[in-house]
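Peer 1: This structure is in structure tokens; I'll ask about it shortly.
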Amino acid sequence: MKSRIVIPTVAPEAYQAMLGLEKYMATTSLTPVHKELIKIRASQINGCAYCINMHTADARKYGVSEQRIYLLSAWREADFYSEEEKAILALTEEITLISNHVSDEVYQNAAQIFDEKYLAEIILAIITINAWNRIGIATGMRAQ
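In our numbering, the protein residues as written are 1172 to 1315.
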């Protein structure tokens, strides 16, 4: 692949704004495991090898087992995820695949499990990783 632009160099202000969102996400009440499950699942859907590589390593640091990481793309068929994690993963998939919209069923299920603040933080975490995925894929970032 030919080299592509480096966003931090070409558009440093925009990149700083993305980092600002990431810094905000670090202050939320989301558990580290919830954050990493969101990041891995969205990155799998988007096909961002760079982010999958980064966030599976981070998930391991937070104690997520290899088995839970390997089965994440088939979470509905695996009994290794809590009710909360399943709600987060369903919401992650529907927001990532936004052209299909977010169903009332998935949203209401999450809204019944989480308070408004935590739900807002989940939604913002999903939006943030999707933005990073698009930067990584558009600029040709590779897993190392």
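Glycine included, every Cβ here is placed at the ideal spot set by N, Cα and C.
1) I need the straight-line Cα distance from H1226 to G1307, nearest angstrom please.
2) What is the rounded straight-line gap between the Cα of S1270 and the Cα of A1261?
3) Kindly say whether S1244, judged by its beta-carbon, lies nearer than 8 Å to any beta-carbon of chain C.
4) If you draw a straight line from the C-alpha of L1243 to the C-alpha of A1197, how long is it?
5) Considering only C-alpha positions, which residue in the set W1303, A1281, N1304 and E1276 is nearest to I1294?
6) Quick check: what's the CA-CA separation for L1192 versus F1251?
7) In this structure, how does DSSP classify K1288 when only helix, strand and coil are distinguished?
Peer 2: Looking at the atomic coordinates:
1) Position 55 of the sequence shown, counted from the first residue, corresponds to residue 1226. Position 136 of the sequence shown, counted from the first residue, corresponds to residue 1307. H1226 and G1307: Cα-Cα distance of roughly 13 Å.
2) In the sequence shown, residue 1270 corresponds to position 99, counting from 1. In the sequence shown, residue 1261 corresponds to position 90, counting from 1. For S1270 and A1261, the gap between their C-alpha atoms comes out near 15 Å.
3) No chain C is present in this structure, which holds just one protein chain.
4) Start at 1 with the first residue of the sequence shown, and residue 1243 comes out as number 72. Start at 1 with the first residue of the sequence shown, and residue 1197 comes out as number 26. In a straight line, the C-alpha of L1243 is about 23 Å away from that of A1197.
5) By one-based count along the sequence shown, residue 1294 stands at place 123. Closest option to I1294, judged by alpha-carbon separation, among W1303, A1281, N1304 and E1276: A1281.
6) Counting from one through the sequence shown, the residue named residue 1192 turns up at place 21. Counting from one through the sequence shown, the residue named residue 1251 turns up at place 80. Distance between the alpha carbons of L1192 and F1251: 30 Å.
7) To locate residue 1288, count along the sequence shown from 1; it is residue 117. K1288 falls in the helix class under three-state DSSP.
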